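Chains as they are written, first to last, in my numbering: chain A, 374 to 667; chain B, 374 to 667. These notes concern the structure reproduced below.
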């Protein structure tokens, strides 16, 4: 699965990069008896200083069961994360609540500030969109360049639009919102996007663990339509033949880490990677990391 | 994920059916230090009667390491499976050698008769093809009915063509061969098929365990082309609107067990299941069972 150019990055390297973490450094994090994340072992002593909020059990590090409901858990967690942010353990603050639950469809057990979610290994759910064009020249894909002033991954290449699913938002509703805000794609066009699957990976990052799920949409854009940067997340859009996109993924780390997986999934679904490739199964299955991480 | 009709079969039921087995009843089966399958605990005493062929280790039930190479292992296994067939422990005999290896791309450690593979929980690799038509009426799919005289799953519904990948055959070569033999699709047409992913499941069946991998292809057939039964595996082909296929999968077990998963994967990739469906992630991820089964 290497390009003819012979350089050393390959599709599988991106799967590995998105799944790089040392499980021995983390303990499962449980709330109300359900595993919802993972906490770094060396953060545990600090967390136990917050009296009455956590307890270190045999099976998992857990929230104190006496914090009986959604509201009391969320309030206790907000106090903890505010302090941790002050101590410099959390970079940034997004004012975006993430749901904490054992699975996407499961009952939310509390909410947590987005920037603090990695410290507790909380799964984040996002939407990524492949914006492509099919014309007489074949298949092309719109690629965004992230703004130079973004705190995360500035200047890196990105999908046409993407965003985290905020607490209470639907998957499709997030797609419509991000397409509009980020890429100036009106709902009359973004509404034609098709959900085509989901990707799961887990890596260390942002001070903790990032077990992420990306819902993936394909959006065939009209040949006369050009996405435009909207909210400043993206500085420019470029339309590249799909072969150029594939080569860029295959032999560089120029795309933001998880966008590589979204492109690889697109290449697989559109028949652009041969099933006889020796890496084929590892690629297909590498996009779907098993849910229970520790 | 249930049809409006309200009957009790649903897409997830097919995922569950294809992954139903009791792991406590099996031990890993290893060859040359590599896990290649699983053996039922209650078959182990019988297998140990074959002097010098197997040994019951702490980590796994294993082939005797003194059987040093591919040929000697294959010969010893052939003697074992011939006896087991005589004893009625193996139904049928296909005269089709399966590779035994730790993974599809890995070095083959021995070969085993196809009908005997489930007794040792050997992963089988197959190709399944979605034959579809896209015209003014939308998307339709060709559905086959299996011959009434087939020993396995007679009269059940099936994909347009499918087959096991025999030892030494490539994935694409198997697709071309099966399309020709089973559905009378000439290479000029089957050659347009796109590989679009792979499905993995593991269930009890055929006297043992079936950890199967299906390489999936989409083949858009010309509107004026009609697949015809070739080798007698299929008795008739029917072209159904995709909604009818989806409903049939959703509320019946009329399709051969694993073909349901191939159709569900098609529905997901073609945007026909909403990402906001509460079962969405379970469906997407249920098509990719983790490789290490025990």
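Built from N, CA and C at the ideal position, the CB exists for glycine as well. Small disclaimer: the values here were computed from a predicted structure and weren't measured.
Can you pull the chain A residues whose beta carbon is under 9 angstroms from the beta carbon of residue 543 of chain B, in chain order?
-> 648, 649
Can you round the beta-carbon distance between residue 453 of chain B and residue 426 of chain B to whole angstroms, since I take them to be within the 8 angstroms contact cut?
-> 6 angstroms
Can you name the residues of chain A whose CB is closer than 9 angstroms to the CB of residue 501 of chain B?
-> None at all; the shortest Cβ gap to chain A is about 11 angstroms.
Report the neighbours of residue 571 of chain A on chain B: residues whose CB is nearer than 8 angstroms to its CB, in chain order.
-> 648, 653, 654, 657, 658
Which runs of the beta strand (DSSP E) fall wholly inside the stretch 447 to 477 of chain B and span at least 3 residues, in chain order?
-> 470 to 473
Could you list which residues in chain B have their beta carbon closer than 8 angstroms to that of residue 642 of chain A, in chain order?
-> 569, 570, 642
Mind pulling the beta strand (DSSP E) runs of 3 or more residues that sit fully within the stretch 524 to 587 of chain B?
-> 534 to 537, 567 to 578
Measure the alpha-carbon distance for residue 656 of chain A versus residue 571 of chain A and round it to whole angstroms.
-> 14 angstroms
Kindly say whether residue 664 of chain B, judged by its beta-carbon, lies nearer than 8 angstroms to any beta-carbon of chain A.
-> yes
Selected residue, minimal CA-CA separation from residue 552 of chain B, among B:515, B:428, B:563, B:387 | B:563
Neighbourhood of residue 483 of chain B by C-beta, 7 angstroms cutoff - its chain only, sequence neighbours within 5 removed = 404, 443, 446, 447, 450, 473
In the DSSP assignment, find the beta strand (DSSP E) that holds residue 603 of chain B and state where it starts and stops.
-> Premise fails: residue 603 of chain B is in no beta strand (DSSP E) and is neither H nor E.
First and last residue of the uninterrupted alpha helix (DSSP H) at residue 487 of chain A | It is not in any alpha helix (DSSP H) - residue 487 of chain A carries neither H nor E in the DSSP assignment.
How do the stretch 606 to 626 of chain A and the stretch 513 to 527 of chain B stand: do at least 3 beta-carbon pairs fall below 8 angstroms, yes or no?
-> no
Would you call the CB atoms of residue 516 of chain B and residue 548 of chain B closer than 8 angstroms?
-> no
Measure the CB-CB distance between residue 584 of chain A and residue 494 of chain A and report whether it falls below 8 angstroms.
-> yes
Spatial neighbours of residue 529 of chain B within its chain, please: CB distance less than 6 angstroms, with the 5 preceding and 5 following residues excluded, ordered by chain position.
-> 519, 629
Assigned secondary structure, residue 387 of chain A (DSSP; H/G/I helix, E/B strand, else coil) = helix
Alpha carbon to alpha carbon, how far is residue 475 of chain A from residue 592 of chain A? Give it in angstroms, no decimals.
-> 30 angstroms
With 16 other CB atoms within 10 Å as the buried threshold, where does residue 429 of chain B fall?
-> exposed
Residues in its own chain within less than 6 angstroms of residue 731 of chain A by CB, not counting five upstream and five downstream?
-> What the structure shows of chain A is the stretch from 374 to 667, and residue 731 of chain A is not part of that stretch, so it cannot be assessed.
Report all residues from its chain with a CB closer than 6 angstroms to the CB of residue 579 of chain A; omit the five preceding and five following residues, and keep chain order.
-> 491
Where residue 612 of chain B falls: helix, strand or coil (DSSP) | strand
Which one or two residues does DSSP pair with residue 617 of chain A in a beta bridge?
-> Bridge partners of residue 617 of chain A: none, in fact.
If you check the beta carbons only, do residue 649 of chain B and residue 536 of chain A fall under 8 angstroms apart?
-> no
Starting from residue 400 of chain A, follow the alpha helix (DSSP H) in both directions and report where the run begins and ends.
-> Unbroken run through residue 400 of chain A is the beta strand (DSSP E), 399 to 404; no alpha helix (DSSP H).
Answer with buried or exposed for residue 397 of chain B, where buried requires no fewer than 16 other C-beta atoms within 10 angstroms of its C-beta.
-> exposed
Using 8 angstroms as the limit for Cβ to Cβ distance, is residue 586 of chain A near chain B?
-> yes
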